[in-house]
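K.L.:
In case it helps, our numbering puts the sequence shown at residues 27 to 230.
Note that beta-carbon positions come from the ideal geometry of N, C-alpha and C, so glycine has one too.
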Amino acid sequence: MVQNCHDSAEQGGALETRRYRICGIVQGVGFRPFVHRLARTFAATGWVLNDSEGVLLELQATSDNIAQLIDELASNPPPMARINGIVEVPRENSDQRYAEFSIRKSRQLAKMDTIIPPDSNVCQDCLNEMFDPQNPRYRYAFINCTNSAGRDIQLSRQCPMTVHKQQCKPLQCARPVSMSMTISIIVVITRNPMPAPHADQNWI
27 MVQNCHDSAE QGGALETRRY RICGIVQGVG FRPFVHRLAR TFAATGWVLN
77 DSEGVLLELQ ATSDNIAQLI DELASNPPPM ARINGIVEVP RENSDQRYAE
127 FSIRKSRQLA KMDTIIPPDS NVCQDCLNEM FDPQNPRYRY AFINCTNSAG
177 RDIQLSRQCP MTVHKQQCKP LQCARPVSMS MTISIIVVIT RNPMPAPHAD
227 QNWI
C-alpha cells in the first residue's frame, strides 16, 4: 500500500490541491476513516471533516491520483453511505503543503443540510463475531460497527454527527418505579457498544 506522503506523490507529477463537498448519507457510516484509507492508497495528503452540510474533503496529490480517488469514492463508498453528490468547491488561496492526511474535528455551520442514516440490520461480520465462542464479543447483545447503523440507545439531536452530540432525551415515567428498575434503565441507556475490530471506529 502506498503511504500518503509527498515523496511518493511527487514522483508521479506536480501536486495539486482541491477541495470537495460531499452530500448525502455520509455521517455515522464510517465515511471519514474510509476516505483516510483511500488517501493512503492514492498517495494523497490533506484532510476530511464532518460539518452540518455533509463532508468536506481537501486533497493534495497529483491530478491523476485525485481523479482516481474521487472516482473510487463515488463508485465504491462505505456500505451504509449514499452519496448524492461530490462537487469541487473553492478554497482559500494558499501554498500550504500537507505532510499527512488527517481527520479533523467536526464543525457546525449556520446551514444544516445533511442526512442522518436510518436504522439498519446487524451486518454479517458482526453476526459472525457474536456467534463465535472464541470471539471476545460472543453473544454480546449490543454488538455493532459502522456498517450496522442505529444500534445504540441514543438520539442524534443535531448535525454534524459526533458522539458528544448523541444523547438520550429525558424520559418521563408513566408510574413510579422501584430503585432496582431505575438502575436497570440507567445501565441499559448508558452502556456503550463495544467497537468492532472489522470496521473502523472514529469518535472525532
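Would you list the one or two residues that DSSP bridges to residue 83?
P.N.:
Position 57 of the sequence shown holds residue 83. Per DSSP, 46, 74.
K.L.:
Going by DSSP, what residue range makes up the alpha helix (DSSP H) through residue 63?
P.N.:
Residue mapping note: residue 63 aligns to position 37 of the sequence shown, counting from 1. Looking at the DSSP string, the run of the alpha helix (DSSP H) that includes residue 63 is 57 to 67.
K.L.:
Quick check on residue 152: does DSSP put it in helix, strand or coil?
P.N.:
The sequence position of residue 152 within the sequence shown is 126, counting from 1. Three-state result, residue 152: helix.
K.L.:
Between residue 54 and residue 142, which are expected to be in contact by the criterion C-beta below 8 Å, what is the C-beta distance as a whole number of angstroms?
P.N.:
Position 28 of the sequence shown holds residue 54. Position 116 of the sequence shown holds residue 142. 7 Å between Cβ atoms; contact.
K.L.:
Start and end of the beta strand (DSSP E) containing residue 109?
P.N.:
Working through the sequence shown from its first residue, we reach residue 109 at position 83. Counting along the chain, the beta strand (DSSP E) containing residue 109 begins and ends at 108 to 115.
K.L.:
Tell me the residue span of the alpha helix (DSSP H) that contains residue 101.
P.N.:
As a working note, residue 101 is residue 75 in the sequence shown. Per DSSP, residue 101 belongs to the alpha helix (DSSP H) from 89 to 101.
K.L.:
Are residue 58 and residue 129 touching if we call contact CB-CB under 8 Å?
P.N.:
Within the sequence shown, the letter at position 32 stands for residue 58. Within the sequence shown, the letter at position 103 stands for residue 129. A contact, by the Cβ cut-off of 8 Å.
K.L.:
What would DSSP say about residue 163, mapped onto helix, strand or coil?
P.N.:
As a first step, residue 163 is located in the sequence shown; it is residue number 137 there, counting from the start. Looking at residue 163 - three-state DSSP - the assignment turns out to be coil, as it is neither helix nor strand.
K.L.:
What do you reckon, is the C-beta of residue 127 under 7 Å from a heavy atom of the ligand MG?
P.N.:
As far as ligands go, the structure on display features none, and thus does not contain the ligand MG.
K.L.:
Using CA atoms only, rank isn't needed, just tell me which of 171, 117, 159, 103 is closest to residue 150.
P.N.:
What you label residue 150 is simply residue 124 of the sequence shown in a count that begins at 1. Out of 171, 117, 159, 103, 171 has the C-alpha closest to the C-alpha of residue 150.
K.L.:
Counting along the chain, where does the beta strand (DSSP E) carrying residue 169 start and finish?
P.N.:
Position 143 of the sequence shown, counted from the start, is the residue given in the question as residue 169. Where residue 169 is concerned, there is no enclosing beta strand (DSSP E), given that its DSSP letter is neither H nor E.
K.L.:
What are the boundary residues of the beta strand (DSSP E) that includes residue 127?
P.N.:
Looking up residue 127 in the sequence shown gives position 101. Unbroken beta strand (DSSP E) run through residue 127: 127 to 129.
K.L.:
Could you check what DSSP says for residue 3 in three-state terms: helix, strand or coil?
P.N.:
Past the edges of the chain, shown from 27 to 230, lies residue 3, and the structure says nothing about it.
K.L.:
Give me the Cβ distance between residue 173 and residue 106, rounded to the nearest whole Å; I'm assuming they're in contact under 8 Å.
P.N.:
Along the sequence shown, read from residue 1 onward, the residue named residue 173 stands at position 147. Along the sequence shown, read from residue 1 onward, the residue named residue 106 stands at position 80. Confirmed, about 6 Å.
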